[in-house]
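If you use the numbering used here, the sequence shown corresponds to residues 28 to 454, in order.
Ideal Cβ placement from N, Cα and C applies to all residues, glycine included.
What follows is a short report on a single structure.
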Amino acid sequence: MSLFNPPPPLAERLRPQSLSEFKGQEHLLGSNKLLKQVFESDFTPSLIFWGPPGSGKTTLARLLATKKQCAFIALSAVTSGIKDLKDATDQAKSHLAMGKKTILFIDEIHRFNKTQQDALLPHVENGTFILVGATTENPSFELNRALLSRCKVIVLEPLTPQSLGEIIDEALNASRGLSNKKIELLPEAKQFLIDSSEGDARKLLNTLEIVSEIKKQNEAVDVKLVEEALQKKALAYDKKGEEHYNVISAFIKSMRDSDPDAAVYYLARMMEAGEDPLFIARRLVIFASEDIGNANPNAVTLAMSCMQSYDFVGFAEGWIPLSQCATYLAGSPKSNASYMAYKKAKGDVLEHGALAVPMNIRNAPTKLMKELGYGKGYEYAHDQVDNFSTQQHLPDKLTHKKYYNPTENGYEKHIKAYLEKIEEKKK
């Protein structure tokens, strides 16, 4: 290959030529999954691929055109305008006149304005072309309803570490990849490369190509060399080892001790080292109930919203709701009273077994059960003074037990005051 005709980038050379070569997106391409059925059926709907960079949107569009034997026209919404759309439409009409369908692929389709999106509508509707759009942004916000109603949205996910590892292996061994360079990639360097790629196959392959160019002859590729290619320092963090447990422990204890600065520091440590953000989000939900509980009943709601928010906005900006939630939980009043109440109750369940439920609060759906005394003497709380009853609820053996001991912290002090008022009236 001459200096004036360099080879395509590694990511382009390794672009899958068939669906069997495609790595990842098993939730779409597995047996009987939606996109696999689209590939195998005679019908091809217009599609919007929504997913993060390097997840395979362009590749899937090209593979679909090949599988369906369609002409393929690619535009970028960043650089294309109405004239480009008109030219593409004219080409599609010419193909259709010769009995061949066209897939019009529009990358970054969310960049089209309303007028440009509207220009697509009649041609999608009358079948001039099959539209396949690609976007990293939520189509619900970026595409107009008329266009969305004519397309099926397909949600792609960041590639898994396993899929990225397979792509590395192929890049090192395939003849169209780097096999001629005989690269020895040390295991820890491979893992760092996978973690740093953040589910983005293109980023991974671009980095690997830089590594192949800057490494010395017969030099094994270690973490330092990958760091140099990435211009990013490898953080001491093993997602399956001791450091994983050390950092998540420090994160939780910082929030427990109401130290938002330390909490957000350890959050950044985990995020920048490639920890699974949904693992962090799940720990926030658990923490909100275990360590805050009824001292701030809104905490678990916010934590759940945080987890859903991350899933909604994706990796690039998902750290924003995670940081908000971590600092909010760290700054909330704390109580583990509800957590400890369950632990105490569980202890009695394990010690005493399934004790008999008092007859007055048993369910009595049949005549026989009523005759046996089920539900007899039950007092409906809303019929009582102040809407509570002094009737027995715990089994006979446990009537003296008290599991929940609310604190004076946050909202829980109101719960404590209410329960104390009830206890006083019971006496």
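As the crow flies, the alpha-carbon of I388 is around 5 Å from that of G402. About 7 Å separates the beta carbons of L382 and L425, which is inside the 8 Å limit, making them a contact pair. Residue environment analysis places M396 among the exposed positions, since fewer than 16 neighbouring C-beta atoms fall within 10 angstroms of its C-beta.
Y445 sits exposed, since fewer than 16 C-beta atoms from the chains shown fall within 10 Å of its C-beta.
Between F49 and L90, the beta carbon gap of about 7 Å places them in contact (Cβ cut-off 8 Å). Put simply, the region 197-214 does not touch the region 98-107. Fewer than three CB pairs are less than 8 Å apart. DSSP, reduced to helix, strand and coil, places G320 within a helical segment of the structure shown. By DSSP's assignment, L55 forms no beta bridge with any residue.
For I313, there is no enclosing beta strand (DSSP E); the residue is found in the alpha helix (DSSP H) stretching over 304-314. For the pair N414 and S362, the CB atoms are not nearer than the 8 Å cut-off. Just so you know, the alpha carbons of K94 and V65 end up roughly 10 Å apart.
Between the region 349-358 and the region 291-309 there are three or more inter-stretch CB-CB distances shorter than 8 Å, so the stretches are counted as touching.
Nearest Cα to I319 within the set T85, A289, I279: I279.
One thing to note: V253 has its Cβ within 8 Å of the Cβ of L220. Between A364 and Y431, the gap from beta carbon to beta carbon is short of 8 Å. Only residues of its own chain outside the window of five on either side were considered, and among them Y430, Y431 have a CB closer than 7 Å to the CB of A368, listed in chain order. The C-alpha of A372 is placed about 58 Å away from the C-alpha of F70. Of the candidates G400, K370, T393, G400 places its Cα closest to the Cα of V384. A contact is defined here as three or more CB-CB pairs under 8 Å, and the region 187-202 fails this definition with respect to the region 150-157. Beta-bridge partners of I133 (DSSP): L102, G160. Under the DSSP assignment, V180 falls in the beta strand (DSSP E) whose first and last residues are 179-182. The region 165-183 and the region 210-224 do not touch, with fewer than three beta-carbon pairs separated by less than 8 Å. In the DSSP assignment, L37 falls within the alpha helix (DSSP H) that extends over 37-40. Here L112 has L102, Q143, A146, L147 as same chain residues with Cβ atoms under 8 Å from its own Cβ, once five neighbours each way along the sequence are excluded. Around the CB of R42, 16 or more other CB atoms lie within 10 Å, so the residue is classed as buried. Relative to the Cα of L46, the nearest Cα in the group L62, R40, P36 belongs to L62.
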